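**Q** Please find one structure pasted underneath; my questions will follow.
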Amino acid sequence: MGIIVQKFGGTSVGSTDRMKRVAGQIVKEKEKGNDVVVVVSAMANTTDTLVKLAGELSDYPGKREMDMLLSTGEQVTISLLTMALQHRGMKAVSLTGRQAGIRTDDVFGNAKITSIDTGRIKEELSAGRIVVVAGFQGVTEEGELTTLGRGGSDTSAAALASALKADRCDIYTDVDGVYTSDPRVVPRAAKIDGLSYTDMLRFAMMGANVLHPRAIKHAKEHGVPMIVRSSLKEGRGTVISGKVQRNDSIVGVALQEEVSVLTIHGCDGGESLILYDLDSHHIETERIRHRQGLVLIIKDQDIHLVKKIVRKYNQAYSHFDMREDVSKVCVIGSIQSSGEVKEKVTNVFHDYHIGKVSVWESSVGLSAIVDRTDVEKAARILHMHFGLDYIESKRAIL
Ligand code: ADP
Ligand code: ASP
Ligand code: MG
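Positions 37 to 434 (my numbering) are the ones given, in order, by the sequence shown.
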């Protein structure tokens, strides 16, 4: 008997029928004798719909108001799912992020969890209740509502699992595990049985959005094993823990479809000011030092803010240029080479007519910037080229 944290994403709680199914999975875990804490996302498409509504009223809505708006999505789910559990005769209670003791900093829209006071949750568990917590949200010291960035319910779950010293954190989603690439883009992607925190973190940071990178950091901190599994079918899923060891050096291919490349030229002193400012807004970028200057790969969702920050320092220290509307594809793993792999990949892309490419190697693997129209093709080619394609006969031997 222990504590299990279960997280259900938007598709898994996308309708009341799905919620009934999820309630069954929760009851099953509770009936094994475990204390169960459930973390949920907003119902499928709800967050996107709310973002769209805000966009109809303002080009750049205030971040505080956006958090006030977006945090409502998760609140709908906690109450409905708790009703479904109570209807099955279970003792259950819903808690907002604030009621669950989740404290964050004040970076609206992308806040980081700073502490969790688990007192209330523990009280509810001792009273025999299943606790259903709203993911993606917290509260600042001043009592302001915050959200944790898109996909942030994973982070709520892993941070709660760490704070509660849970035995496991199960991430229920719409795929049955972590694959060697996004199975929606690369049909030959293969399911991975186990990954170390480090490999999963690299994979997630480079775009495998099946798990939020910050969630992995929280789980790693306290060694809580995570399992990514399907809420729609039974299966062992993918285990992520400190114990997993792999023989193969290449983990998979990640892609980020909507990025821009910002090159900051000759900014010396200004460079560290820009980077400090980006960090204080929790803007994550891949950074490459290049003879032309510092190159940053930025997600499109951060572009407006990044431009604002860079302009602040631009006249004093530097000038920059921006290549917008491109994509990034990345082979994750240790690539031991001094440029040969890069050359090979450049040649392969040339042969397959993938245009306007820049390729570089890093400690994470190999990354390439490609035209947005080519990114899916590029991912499939790299997946094949690095021997990751799922082949029926290979599977039979495993
Ligand atoms: P949830 O709403 O449950 O949080 P997400 O949409 O955030 O679900 O994450 C699941 C999706 O992640 C999958 O549907 C899949 O398209 C995508 N994905 C991207 N990379 C991978 C990968 N390497 N393995 C599995 N799924 C991936
Ligand atoms: N509802 C939020 C989103 O759509 C958080 C999450 O689902 O994890 O990004
Ligand atoms: Mg998600």
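Where a beta carbon is used, it is the ideal one built from N, C-alpha and C, also for glycine.
Owing to the predicted nature of the structure, the values given are computational and were not obtained by experimental measurement.
#1: Quick check on this structure: which residue in E180, E178, V175, D206 has the alpha carbon closest to the alpha carbon of D190?
#2: Have a look at D210, S266, T321, H317 and flag the residue whose alpha-carbon is nearest the alpha-carbon of R238.
#3: Just how far apart, CA to CA, sit G423 and I324?
#4: I need the boundaries of the beta strand (DSSP E) containing A404, first residue and last residue.
#5: So for M79, helix, strand or coil by DSSP?
#6: State buried or exposed for H123, treating a residue as buried only when at least 16 other CB atoms are found within 10 Å of its CB.
#7: How far does the alpha helix (DSSP H) with D410 in it reach, from first residue to last?
#8: State the CB to CB distance for the pair G273 and G213, rounded to an integer number of angstroms; the pair is presumed to be in contact (CB under 8 Å).
#9: Along the chain, where does the beta strand (DSSP E) that runs through L121 open and close?
#10: Name the two residues that bound the continuous beta strand (DSSP E) containing Y208.
#11: Have a look at E177 and K201 and give me their C-alpha separation to the nearest angstrom.
#12: To which residues of the same chain is R416 closer than 6 Å at the C-beta, ignoring the five residues directly before and after it?
#13: How about G46: is its Cβ closer than 7 Å to a heavy atom in the ligand ADP?
#14: If contact is defined by three or more beta carbon pairs under 8 Å, each pair taking one atom from either stretch, is the region 51–60 in contact with the region 148–157?
#15: What did DSSP end up calling K43 once you bin it into helix, strand or coil?
#16: Pick helix, strand or coil for G329, following the three-state DSSP scheme.
#17: In three-state DSSP terms, what is Q292?
#18: Under 8 Å between the Cβ atoms of A225 and T183?
#19: Apart from the five residues just before and just after K344, which ones in its own chain have a Cβ nearer than 7 Å to its Cβ?
#20: Can you round the beta-carbon distance between K380 and I333 to whole angstroms, since I take them to be within the 8 Å contact cut?
#21: Among Q173, D95, R54, which has the Cα closest to the Cα of Q111?
#22: To which residues of the same chain is G164 closer than 8 Å at the C-beta, ignoring the five residues directly before and after it?
#23: Taking 6 Å as the limit between beta carbons, can you name the residues of its chain near D210, skipping five residues before and five after?
#24: I371 by DSSP, collapsed to three states: which one?
#25: Flag G187 as yes when its Cβ comes closer than 7 Å to any non-hydrogen atom of the ligand MG, and as no otherwise.
#26: By DSSP's criteria, L231 is part of a beta bridge. Which residues make up the other side?
#27: Please report the Cβ distance between V280 and S198, rounded to the nearest whole angstrom; I am assuming they are in contact, meaning their Cβ atoms lie under 8 Å.
#28: At a cut of 8 Å, does the region 95–110 reach the region 276–293 through at least three beta carbon pairs?
#29: Taking the alpha-carbon of G179 as reference, which of G329, F144, K158 has the nearest alpha-carbon?
#30: Between S232 and the rest of its own chain, which residues show a CB-CB distance below 6 Å, the 5 nearest in sequence each way excluded?
#31: Residue range of the alpha helix (DSSP H) that R156 falls in?
**A** Reading off the structure:
#1: D206
#2: T321
#3: C-alpha separation (whole angstroms): 27 Å.
#4: Run containing A404: 401–407, per the beta strand (DSSP E) assignment.
#5: coil
#6: exposed
#7: Per DSSP, D410 belongs to no alpha helix (DSSP H) and is neither H nor E.
#8: Indeed they touch by this definition, with Cβ atoms about 5 Å apart.
#9: Here L121 belongs to no beta strand (DSSP E); instead the alpha helix (DSSP H) covers 99–123.
#10: 204–209
#11: If you take the alpha carbons of E177 and K201, they lie about 24 Å apart.
#12: V222
#13: yes
#14: Cβ pair count under 8 Å is below three, so no.
#15: Looking at K43 - three-state DSSP - the assignment turns out to be strand.
#16: Strand, per DSSP.
#17: strand
#18: no
#19: none
#20: The C-beta distance from K380 to I333 rounds to 22 Å, too long to fall under 8 Å, and the pair is not in contact.
#21: Q173
#22: K127
#23: T47
#24: coil
#25: yes
#26: I276
#27: Contact between V280 and S198 fails: their C-beta atoms lie close to 18 Å from each other, not under 8 Å.
#28: no
#29: Looking at the Cα atoms, F144 is the closest of the given residues.
#30: If the five residues before and after S232 are omitted, its C-beta is found closer than 6 Å to the C-beta atoms of V280, all from its own chain and listed in chain order.
#31: Membership of R156 in the alpha helix (DSSP H) is indicated by the continuous run 155–162.
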